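What follows is a single structure, written as structure tokens, with notes after it.
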Amino acid sequence: MQLGYSMLGLLSEGFDLDRCHLKSMDCAEGLGVLSLYYPACPQLELTICTNKHSDNDFHTVLLQDHIKGLQVQFTRINGLMFLLDVVVL
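Under this note's numbering, the residues of the sequence shown are numbered 19 to 107, in order.
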């Protein structure tokens with residue numbers, strides 16, 4: 019729990035808000051951690067994409083290695099959809 023509270027505090031400060039701002043908005047309600055691990059596949063030609071899905075939580079932290087391929091879907095107001103490559107920071 020303390021890690022989650024710390025991350026909410028850092029996010030609040032990053033938006034130039036009071037450190038407790040997001041926590042006071044109940045963003046910490048139901049706080050939990052979900053960890054997924056996708057091991058490397060030695061034969062990339064055998065890999066397949068995951069099903070289309072959404073991360074329906076408040077905040078997602080993704081640790082990505084040197085292998086690229088993560089994309090997000092962006093939909094404009096007019097309904098046009100694009101797949102955008104995620105840039106590793």
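The C-beta atom is built at its ideal place from N, Cα and C for all residues, glycine as well. As the structure is a prediction and not an experimental result, all values here were calculated from the model.
Handout entry: Alpha-carbon to alpha-carbon, PHE76 and HIS39
Key = 14 Å
Problem - Per DSSP, the bridge partner or partners of ASP103 - result: GLN89
Handout entry: Collapsed DSSP secondary structure at TYR56 in the structure displayed
Key = coil
Problem - MET25 versus MET99 - alpha carbon distance - result: 31 Å
Exercise for the section: Identify which residue in LEU64, LYS86, LEU21 has its Cα closest to the Cα of VAL105. Expected result: Checked all of LEU64, LYS86, LEU21; the closest Cα to VAL105 is LYS86.
Problem - Close beta carbons around ASP103, own chain, < 6 Å, minus the five adjacent residues each side - result: GLN89
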